[in-house]
Every structure is written in structure tokens, then in C-alpha cells.
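Chemist: This is the structure, below, for whatever I ask next.
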Amino acid sequence: MDAVLKAKGLKKYYGKGEALVKALDGVDLEIERGRFTAVIGTSGSGKSTLLNMLGGLDMPTEGSIRIGHTELSSLSSEEATVFRRKQIGFIFQNYNLVPVLSVWENIILPISLDGRRPDRKFIIEIVNLLGLGKKLDSLPNNLSGGQQQRVAIARALASKPSIILADEPTGNLDTRTSGDVIGLLKMTGREFHQTIVMITHNPEIARMADRVVQIEDGRIVTQ
Amino acid sequence: MKGVFKPIKTLNDRLFKQNRGRNAVAVLAILMTTLMFTTLFTLAQSMSRNIVEMTFRQTGYDAQASFKSITDEEVSLIAAHPDVEEVGESIVLGIAENKELTGHQTEIRWADESYASHSFAKPETGSMPEKENELAADTTVLDYLGIPHEIGRQVAIEWRPDLLSDEMITSTFTLCGFWEGNESSYASKIWVSRAFADKMTAGQDGPASEEQILGTHMAQVSLFHDSNIEETMDNILADADITDLEYGVNLAYSPEMNASAFAESVPMYLGMILVFVAGYLIIFNIFQISVTTDVQFYGKLKTLGMTGKQLRKLVYAQANRLCLIGIPAGLLLGWGLGVLLVPVLMGMMEGEASISANPVIFIGSAIFAWVTVLISCLRPAALAGRVSPVEALRVSDVPDRSRKKNRKRGNASLAQMAWGNLWRNQKRTVLVICSLSLGLVLLCSFYAKNAAFDMEKYLSELTIADFELSDISSEDYGGGYDPQGTTLTASLVKELESAKGIEGSGHLYSHQLSWQMDDKTAGNLAAFYDADRLKDWETYDPQGADGARISIQEKKATAVLFGADGIPLDAITQDHSILAGAFDAKAFASGEYCLAISPDVSAGKGTVLPVPSVGTTVEMDGRRYEVMAVARSSGSVTGGAMEGGRSEGITIEFVIPSDTFKEQYPENTLRKLFLNVRDSQVNSVQEMLDEYASSVDQSLPVTSRKTMTEQYEAETRSSAVMGSAVSVIIAMVGLLNFANSMITAIVSRKREFAVIQSVGMTKKQLCRMLAYEGSYYAGITLAASFLFGSLAVGIGVRAMTAADPFSTFHFTLLPLGICTPALIILAVLIPYLCFRNLDKHSIVERLRME
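Those protein sequence lines, which keep their order, are chains A and B.
Position 193 of the first sequence, counted from 1, bears residue number 193 in the numbering used here, the numbering being contiguous throughout.
Convert by adding 223 to the 1-based position in the second sequence; the result is the number in the numbering used here.
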């Protein structure tokens, strides 16, 4: 299987001397195209740090990350931003929707920021699949948590990224909605042949993934 | 989902609608900044325009150059030159000598439309005369003659076609046009028709002889460009092959004039720098606060793919949106304020002050304000652009990274907590303190500068008595002083001197004669007017310099002999006025002595003065006087017009006792009467004079100390109002900055407050802590203001007033003293009100707030 993402020897240290914190301490990880991977770990295990590195939001102290043919550490912060909006879809625990923009505007924001025209037909398809068809002109604050997260999923899918990174997408949702959201995420991923990496501390949720990676104290324990 | 989605524009629109409160503060700050710029620009523009305008009025025309004598042929040659825009012509007939016009020179002329309009004498009602019996005049002349401002009225003008004879003729005209007279021009013109002029000159071009003015053909040349007028004129004359034709360049176009107009505007330009600083301090702070508050939002946008450049663009777009409201509003209000202030500023200047509505003002102010906003946004925009997505994702309220690692363990007293809170954002605290202190220090400086003005010192230079009355011809520089003038009649003098409350009086007479000087005096003159000084003199007054040369060579000068007693004599014989010798009142009264007046008021003791030395005996009109002392000249005593007729060389002035003068020249009448009046009676004497003016002689020239004071106040209200207005606005900007910072500091900490409340701090304690914070803020600001205010006043203002002869420096920080309680009250009140507003939500609600 070809790997869409390759991370090698990833280290992220904070602080110095006695206060040194090893958030990531030598992580090697390969993500295969089209698969749904869950990264599981307790709070403070370094899983969020890992996801931020993989998405180019933060730079590692040491090690390399390759997405497709691009080495992330070689990008400037401005280039990383542009790369991110083209190649990576994000889904956050707190949805990260822009409150002043409507659902539709939120979904096409990364594409528009890139100066591209959104593929209207494709996005409508996603929206309908996620059951957001009637909510396009609403503002995020008028939606329920589950609906907001579905908007975030639509946004992540809209730009046809190489990879979707989801950081505790169900962290703010109740059990039933969580199940629905993960089901939708998995379904749309399969539908549009997307690669998904999801972080969770919930083994129940993780079990729905194709593959589970466990991280503890900044190291991968089981793959 | 209609149209193309432009993320930055859309975000800008929505954010704008969302942050109404914050926008209002920002718009207010931009508005005030623009307002100050506009006011200053309007003032600067109007000031220099009015100064130039005033010079035009004084020189009598606004064309670039004029010819005092020219022929028809030369006019047509010059008019044909490509550099010449227009040539206006005029023919002088004579001077109106109606009794009612004494003291107001009124020239009888024919002029074409161009000449009339460039001389500010184009009829506003009616038209220029065409028929032989028509005449146009200004309202001043009509008023003197007692003729109503109505077309068709008969006007009789008395004049002498032949200046060498005393034969007066009366020409009667029909009024065909008139215009508003101008007080600041020394002479009026009345226009007659070309037909009448031709009849009088019998078609001759130019006066019959040098002594005559009838037929003098004058012209004014308007050029396309104001620069290098002399060069252009020389070229024009050379191109037209005209030699020996003298022209004069309008003084209003001289570089000195522009320089002085610019100098008048310098304080405005300095003001603009201050406005920029004040504007920067607040606008920067507002944007810095909003970017810091929104840092998570910007971080979120960055995770979603907004680049740093796009984020900066978003910040600028928000700023521009605010400018779009703030700047036009500021322009409008600022111009309105300018319109209100210009007349106040121009109070001293005669005539209506013109208010500049030049588009340059608006464009300039708008650009200045906009640039200020953009510069203020530089750093906040960079901050937004640099935001790190990961940092922004973390929920954190503390933007300051430079913090102390450890804190001393101690009691967490409210005062200590407040002190700590104050320095959580050092930069902002310093900025707000600077902003507020700037306004307060400026206010103090302006106040101290104005308070330093010493009215007594000022008035003593301008007038030496409570009332100074003079003969109407005393200031008639056109016609010359008439030593037998009849304005100050014996009965008037008697009546005034015996009025209630008169404490002292004084008289001044004058006589002018041609004087043959002795060798020593000629030597003094030659030593004083050396080559350098003459050269310098020549640059602005070639005739004067020539006069000095003639005087030195031929030992001839024009002497003006003043007879003085009482107030004027006392004034020029005070110790500081005597430059050489010593004044002995008793000996002087004998009539054997005279005082020589030095024209150089700045000379110190010991320098050679261009007058006879002390001890020299001078002979005038057959009587000999010994020069007792040399005194400084004083405007009130020796100022005024010379007698008409030819004068030889330079003028040397002498003072003798008035009794001696009256013996010598019994024909001469009183030139000036000086009166000092008890303070309580000043008004009644003024009433007497007003009464006399309205019933007997409306032209009686009176200078009173009181009107001088009023005139001065009108004149300085300018800088007082100006300075105060700008510093008050700057102080207000500081206050707004202070309030805004405090309010946002409290509102952004609502969650933190909920946290400390949830662990047991009572409302009362929290309020007290906030009040402490506020008073620390106020305390530091006041300390800084007092410190820098003392320095600014004690050093800056002291130095400024030292250079001003009319000032006496007093150290004062009064405005700061007045502001102190207000600031402290505000510092406690704002946190209290803010907290009350926050307290509407329960602790749990606030804990949940993001």
C-alpha cells in the first residue's frame, strides 16, 4: 500500500533542563491512502501534539514529515498555511467554525482563501450526504453541536485534501451524536476515497476505525 | 450562496457589524484625529491666505507688478507679450480734497475693468462709469461724504487739476456704482469715465510736469506665474525693447512675504505632529487591544488556511472601514470648527476673514488621518499575521510572554493583586499613560505660555497713556501731517483735561525743517551708516539708503522738532530710554537743551548713534539748543506721518519742551494729547469721547489703553483658543484611550473574575481591587504628568517666554491641578461601572463564557 503520509523520528520538546517536557519522543508513523486511522491515547500522551505536527500547524524539534511529495519541515510558515488549505482538511473538537460566516461560507472558506472557485456540485453532494442541505444559510451558533461538527466535516472534505486530520471530533458531543458523526465521517471518507487520521481518547470510537495506533508518553505503543 | 464568495471582504463586513461598541470607540478616535488635522489645516491655510490677502489689500492690488508711469504704446507692447496674462490701465486725475475726506486719501482716476478688479475696487453694485458725468466710489468714501449707498445720487468732488495752484474746482457726478470699502488699505479710489479723464488731460499721455499728477498713466501687469517675477518682467521689457521703464513688484509676492506667511503657520504644523502622536497612541492601542482580544479568532482563520498576508489585509480592511466613517465625519466637524475659529484668530485683522474651503485641506487632512491610522495598524496587523495557529488554539487570556518566572510568596492583598494586574500588559499600560500624559502636559504648557503674557509690558510698548488723541493728519502717510491741523481744538483739550478723574496729561507738537548739520554729526552718521548697513537698507528701501548717503555727503537732513511735556516727555526720558547723556528735567525746562532721538532702538549704550552727540549745540530756525541726551524713539511719541512736501536726506528727530516750542512756532497746533485717567473714570472719559465723536467730529483718532487691551485679547484669543482646543482634544483622546483600555481590560477578564469570585472573593473585594487598579493607573499618569509638565513648563515655556519681551514667566501647573481630582474620580468610577455591568451575569454563566 502506498503511504500518503510518512513521519520519521518525530520529536517535540518544550522547555529546558529540569522543566524539559518531551511531548513527542521519537515517533515513526505511516498512513496509507484511503484508510481511516485512529490515534488513541490518554490526556497528555502527546496525541494532539502529533496531530498538530502532521497538519503543519506546529513544527517538530526533530524529525521529518512527508505528505505526498512535500517535506513539511522545509516550508516557511506562510507556505505551510497555503499547503494546509490545499492538502489538509481539519476537524477540531470545538468545530472551529467562523461564527460570523454562514454554513456555506464556512465550508468554502479554505477554498476561497486559496483563490479557487469551489466545486459547487461536489460540495452540494457532500452537504446533502451530511444532511446539511437546509442549513446552508444558517450561522453556526444556531446549529446543534452535532450539526456544527458535520459542517466541519463538510469543510474538511470540500477542498479534496490529501488527508483529513480530526482532533477529538466527538469530544464535545454526547454518545449518540458521537456515533452518528463518526459514522458520517467514515462513510464520507469511503465515499470520496479520503484518508482520515482521527485522534480520540475513547476506545469505543477508536474501534470504528480501520486501524488503531496507541500513543503513550510521546511514543507509539501499539500499531 | 449567491455570487462569488470573497472571504476577506465578507469577514470584514460581518466583523464590522459584530463589534459595534469597539468600532464606535475606534471611529471616535479616528474622527477626533481627523478633526484635529482638519482644524489645523483649515487654520494654517486660512492664516496664510489671509495674510497674503491682507498684504494685497495693503499694497492695494493683487497683480504681480505695476508701472507708476507708462505710455499707451508701452502698454500695448507689454500686453502683447506671451508671458503676460493681462494688463490693467489707469489714469490719475488728482486727489479729492473735500473737507469731509481730510485724513483719508481719495484718488480720482479712470481705470479699465482689469485695473479696477485687481485693485479690489470693482463696483459690486452698479457698474464702472461710462458716461462723462458718471462716477463709482467705495462705501468708505460715500460714508465720509455722507452720501447714501444708492445709484443715481449726486456726488460733488473738489479737486485741483493743477497741483501748483490753489485753485479748486468742483466736479459733479452721478453715482453709477459702488463697492465695499476696505479699512486696511490706506487710500480709496473713485473711478471716473475715460471721457471725463480725456477731457481733463486733453488727450495728453502722461503728466505735464514732474510736480503734476494729472494724466499720470499707470498700469498693473498680471503674469501667469508667481515665481521669478523680476526676471520675467525684465525679460518682457527686453523682448518688447523697452528701456528706462521702472516697475515695482507687488510686495505680497515677495519671498519674504511667503516666508512670513509660512512662519505664521509653523505652530499649526507643529500641532499636526502632536496630533499624529496622539492619534497614533490611541488608534494603535485600540487596534492592539482588538487584535489581542481576537487573537484566537485570527489563529482559527490561520489553521483554516488564511495566510499571514491575508490576515494583515483583514486588519487593514477593518481599519479602512472605520476610516470610511471616521474620516468624513471628522473632516466635516473639523472644518466646522475651523470656520468657527478662523474669525476668532483673525480678530485683529480688518475686514472679513476668508475661510479657506480649499480641497487641499480636505484631501490633506484625510490623507494625514488615513496615514496615521495605517501606521497605527502596522504593529497590530503584524501581530495578527504572525499569530501561531497552535498558540491560538490554546485557551489563554494572557498575551504577555515576558513574565517573571516566580513570584515572591506573600499575602495576596487586594492592593498587591491590583498592582500585579496593572503590569500584566506593560506595553499597554505605558502607552495609555503616555497618551494621557501627553495631553495634560500640552495643556499645562499652553496654559503657562498664555499666563506668562504680561499685558502691562505689552501696553507700555504700544501706548504710554490711558488715552491718546491725535490730529487726523498725524497718521496721514499719503497727504502728510498738517502742523496746523484742527482736530484737537482748544475747547476739546480744555474740556478733557478738566474732566473728572484725570490724573495726568501731556502734549505733543511737531515741526519739520531742513537742517544743516555740523561736521561731528555728519561723522556720527557716516560711522553708523557704514557700507554694510547701507547695503542692507538698500535691499528693502533704496530711497532711504540714498537719503542717508545724501545726508552724509551734503550734511543736510530733515529735522523733526517735537515739543513735548507731561506724559510723552516722561515716557522718553525714563532711565531705560536714555541711550547717552543724562536727563535733567529742570535744566531741560529752561529751553536751552534738546533731546536727540535715536532711530536704532536696539543699540546699547556706548555705540555711535546717527544723531548729534551729547553736548553738541544744534541750531534750528535761528535758535540754538545743546543736546542733553539721546533717547530711544517710541512709537507713541515720535511715530506718525511726516509733513508733506519734499524732505532732504534722512530724518533726525529732536525733542524740546513744549513751552519753548510754542514760543518758536506759535502757528503750530497740538499734534497729540495724552491723558491718564483714574481707573474708575476710564469709562466716563470714554463716553465723553464717544459723545464728541458722534456729535462733533466722527474722525477723531483715539487710542485707548482699554481698546488696545481688547484688541490684544482679540488677537491672542487666537493662540489661546488654538492651543487650548488642540490640547483639550489631545487630552480627551488620552482620556478615551484610558477609558477604553480600562474597560477592555475588565471586560476581557470577566472569566478570570468569575474564577476568583468562585474561589471566594466577594463582590466588594473585587470592586475594591479594580478601584485600586484604576487609581494606580491615574496615580502613575498624574506622577508622569507632573514630572514632565514641570519640565516642559519650567524649562520649555520658561525659555520661550524669555525670548518674548512682553512675557513674565510664572511657574504654574494649574490645569493639571484641576484635572487631578477628575482623573482620580474617573479611575475609580470606570471599573465600578464596568463591574456592575458584568455582574448582571451569574458566576456560572461567566465561567462558561469563552
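Just so it is clear, CB atoms sit at the ideal spot from N, CA and C, and this is done for glycine as well.
Please read all numbers here as calculations on a predicted model, not as lab measurements.
1) Check whether the Cβ atoms of Lys779(B) and Gly872(B) lie closer than 8 angstroms to each other.
2) Is it buried or exposed, Leu368(B), if we count other Cβ atoms within 10 angstroms and call 16 or more buried?
3) Please state whether DSSP places Gln739(B) in a helix, a strand or coil.
4) Write down every uninterrupted run of the alpha helix (DSSP H) in the region 508-569 of chain B whose length is 4 residues or greater and which is fully enclosed by it, in chain order.
5) From the DSSP secondary-structure annotation, give me the bridge partner or partners of Asp25(A).
6) For chain B, check one thing: does any of its Cβ atoms lie closer than 8 angstroms to the Cβ of Arg150(A)?
7) Check whether the Cβ atoms of Val610(B) and Val518(B) sit closer than 8 angstroms, and answer yes or no.
8) Would you check if the distance between the CB atom of Met480(B) and the CB atom of Thr294(B) is smaller than 8 angstroms?
9) Any C-beta of chain B within less than 7 angstroms: which residues of the region 80-92 of chain A qualify?
10) Which value, in whole angstroms, describes the spacing of the CA atoms of Ala750(B) and Glu866(B)?
11) Using a beta-carbon distance below 8 angstroms, is Val39(A) in contact with chain B?
12) Given a cut-off of 8 angstroms, decide if Gln541(B) and Leu238(B) are closer than it, judged by their beta-carbon atoms.
13) Is the CB-CB distance between Leu545(B) and Ile253(B) below 8 angstroms?
14) Would Ile108(A) pass as an interface residue toward chain B - the criterion being a Cβ-Cβ separation below 8 angstroms?
15) At which residues does the beta strand (DSSP E) containing Trp382(B) begin and terminate?
16) I need the DSSP call for Trp642(B), collapsed to helix, strand or coil.
17) Using a Cβ cut-off of 8 angstroms (strictly closer), state whether Pro230(B) contacts chain A.
18) Short of 7 angstroms in beta carbon distance, which residues of its chain neighbour Arg991(B), apart from the five on each side in sequence? Order them along the chain.
19) Should Met955(B) be flagged as near chain A, meaning a C-beta pair shorter than 8 angstroms?
20) Report yes or no: do the region 899-916 of chain B and the region 730-744 of chain B share at least 3 C-beta pairs separated by less than 8 angstroms?
21) If you follow the alpha helix (DSSP H) that Glu78(A) is part of, which residue opens it and which one closes it?
22) Any Cβ of chain B within less than 8 angstroms of the Cβ of Glu78(A)?
23) Kindly indicate the opening and closing residues of the beta strand (DSSP E) around Ile40(A).
24) Would you mind telling me which residues of chain B sit closer than 9 angstroms to Leu54(A), beta carbon to beta carbon, in chain order?
25) When you compare each of Thr81(A), Ser73(A) and Asp58(A) to Gly531(B) by their alpha carbons, which one comes out closest?
26) Short of 9 angstroms Cβ to Cβ, which residues in the region 521-537 of chain B face chain A?
27) Whole angstroms are fine: how far does the CA of Lys672(B) sit from the CA of Asp705(B)?
28) Quick one: which unbroken beta strand (DSSP E) runs of 3-plus residues sit fully inside the region 753-814 of chain B? Chain order, please.
29) Does Met351(B) come out as helix, strand or coil in the three-state DSSP assignment?
30) So, with DSSP's three-state summary, where would you put His341(B)?
31) Select from Leu893(B), Val583(B), Pro835(B) and Asp807(B) the residue whose C-alpha is nearest the C-alpha of Ser714(B).
32) Is Ala948(B) near the ligand COA - that is, is its Cβ less than 7 angstroms away from at least one heavy atom of it?
33) So Ile65(A) and Ser162(A) are in contact, right, with Cβ under 8 angstroms, and what is the actual spacing, rounded?
34) Taking a contact to mean a Cβ-Cβ separation below 8 angstroms, would you say Val908(B) touches Ala722(B) in this structure?
35) Look up Lys228(A) in the DSSP assignment and say whether it is helix, strand or coil.
36) Answer with buried or exposed for Gly553(B), where buried requires no fewer than 16 other C-beta atoms within 10 angstroms of its C-beta.
Modeler: According to the data block:
1) Position 556 of the second sequence holds residue 779(B). Position 649 of the second sequence holds residue 872(B). The answer is yes: Cβ separation under 8 angstroms.
2) In the second sequence, counting from the first residue as 1, residue 368(B) sits at position 145. When all chains shown are included, Leu368(B) counts as buried.
3) Start at 1 with the first residue of the second sequence, and residue 739(B) comes out as number 516. Under the three-state reduction of DSSP, Gln739(B) is assigned to strand.
4) For the region 508-569 of chain B, whole alpha helix (DSSP H) runs of length 4 or above, ordered along the chain, are 518-526 and 531-568.
5) Sequence index remark: in the first sequence, residue 25(A) carries index 25 (1-based). Beta-bridge pairing links Asp25(A) to Lys11(A).
6) Looking up residue 150(A) in the first sequence gives position 150. Taking Cβ atoms only, chain B never reaches closer than 8 angstroms to Arg150(A), which makes this a no.
7) Locating residue 610(B) in the second sequence gives position 387, counting from the first residue. Locating residue 518(B) in the second sequence gives position 295, counting from the first residue. Against a cut-off of 8 angstroms, the Cβ pair of Val518(B) and Val610(B) comes out as a contact.
8) Taking the first residue of the second sequence as position 1, residue 480(B) is located at position 257. Taking the first residue of the second sequence as position 1, residue 294(B) is located at position 71. Contact: no.
9) Result list: Thr81, Val82, Arg84, Arg85 and Phe90.
10) Locating residue 750(B) in the second sequence gives position 527, counting from the first residue. Locating residue 866(B) in the second sequence gives position 643, counting from the first residue. A direct Cα-to-Cα measurement between Ala750(B) and Glu866(B) gives close to 28 angstroms.
11) Position 39 of the first sequence, counted from the first residue, corresponds to residue 39(A). No, its Cβ sits nowhere closer than 8 angstroms to a Cβ of chain B.
12) As a position in the second sequence, residue 238(B) is number 15, starting the count at 1. As a position in the second sequence, residue 541(B) is number 318, starting the count at 1. Between Leu238(B) and Gln541(B), the C-beta gap is smaller than 8 angstroms, which places the two residues in contact.
13) As a working mapping, residue 545(B) is identified with position 322 in the second sequence. As a working mapping, residue 253(B) is identified with position 30 in the second sequence. Going by C-beta atoms, Leu545(B) is nearer than 8 angstroms to Ile253(B).
14) Locating residue 108(A) in the first sequence gives position 108, where the first residue counts as 1. Chain B, which has a Cβ nearer than 8 angstroms to the Cβ of Ile108(A), makes this yes.
15) Here residue 382(B) refers to the residue found at position 159 when the second sequence is read from its first residue. First-last of the beta strand (DSSP E) with Trp382(B): Gln377 to Trp382.
16) The residue labelled residue 642(B) in the question sits at position 419 within the second sequence. In this structure, Trp642(B) counts as helix in the three-state DSSP scheme.
17) Position 7 of the second sequence, counted from the start, is the residue given in the question as residue 230(B). Closer than 8 angstroms: yes.
18) Locating residue 991(B) in the second sequence gives position 768, counting from the first residue. So the list reads Leu637, once near-sequence residues are dropped.
19) As a working note, residue 955(B) is residue 732 in the second sequence. Cβ-Cβ to chain A under 8 angstroms: no for Met955(B).
20) Result no; under three Cβ-Cβ pairs closer than 8 angstroms.
21) As a first step, residue 78(A) must be located in the first sequence, where it is residue number 78. Run containing Glu78(A): Ser77 to Gln87, per the alpha helix (DSSP H) assignment.
22) The residue you call residue 78(A) lines up with position 78 of the first sequence. Residue contact check for Glu78(A) against chain B: a CB pair falls below 8 angstroms.
23) Here residue 40(A) corresponds to residue number 40 of the first sequence, with the count starting at 1. That run of the beta strand (DSSP E) goes Phe36 to Ile40.
24) Within the first sequence, residue 54(A) is the residue found at index 54, counting from 1. For Leu54(A), there are no C-beta contacts with chain B under 9 angstroms, since the nearest C-beta of that chain is about 12 angstroms from it.
25) For the purposes of this step, residue 531(B) is identified with residue 308 of the second sequence, where counting begins at 1. Nearest option by C-alpha distance: Thr81(A).
26) Within the region 521-537 of chain B, the qualifying residues are Lys523, Leu524, Lys525, Thr526, Leu527, Gly528, Met529, Thr530, Gly531, Lys532 and Gln533.
27) Taking the first residue of the second sequence as position 1, residue 705(B) is located at position 482. Taking the first residue of the second sequence as position 1, residue 672(B) is located at position 449. In this structure, the alpha-carbon of Asp705(B) lies about 44 angstroms from that of Lys672(B).
28) With a minimum length of 3 residues, the continuous beta strand (DSSP E) runs that stay inside the region 753-814 of chain B are 779-789 and 801-804.
29) Walking along the second sequence from the start, residue 351(B) turns up at place 128. Met351(B) falls in the coil class under three-state DSSP.
30) In the second sequence, the residue the question calls residue 341(B) occupies position 118. Of the three classes helix, strand and coil, the one that applies to His341(B) here is helix, per DSSP.
31) Counting from 1 along the second sequence, the entry for residue 714(B) is found at position 491. Closest option to Ser714(B), Cα to Cα, is Leu893(B).
32) Here there are no bound small molecules, and the ligand COA is not part of this structure.
33) Position 65 of the first sequence, counting from 1, holds the residue named residue 65(A). Position 162 of the first sequence, counting from 1, holds the residue named residue 162(A). Between Ser162(A) and Ile65(A) the Cβ distance is about 12 angstroms, and since that is not below 8 angstroms, they are no contact.
34) As a working note, residue 908(B) is residue 685 in the second sequence. As a working note, residue 722(B) is residue 499 in the second sequence. The Cβ-Cβ distance between Val908(B) and Ala722(B) falls below 8 angstroms.
35) Past the boundaries of the shown model lies residue 228(A); chain A is included only from 1 to 223, so the question cannot be answered.
36) Taking the second sequence and counting its residues from 1, the one referred to as residue 553(B) is at position 330. Classification for Gly553(B): buried.
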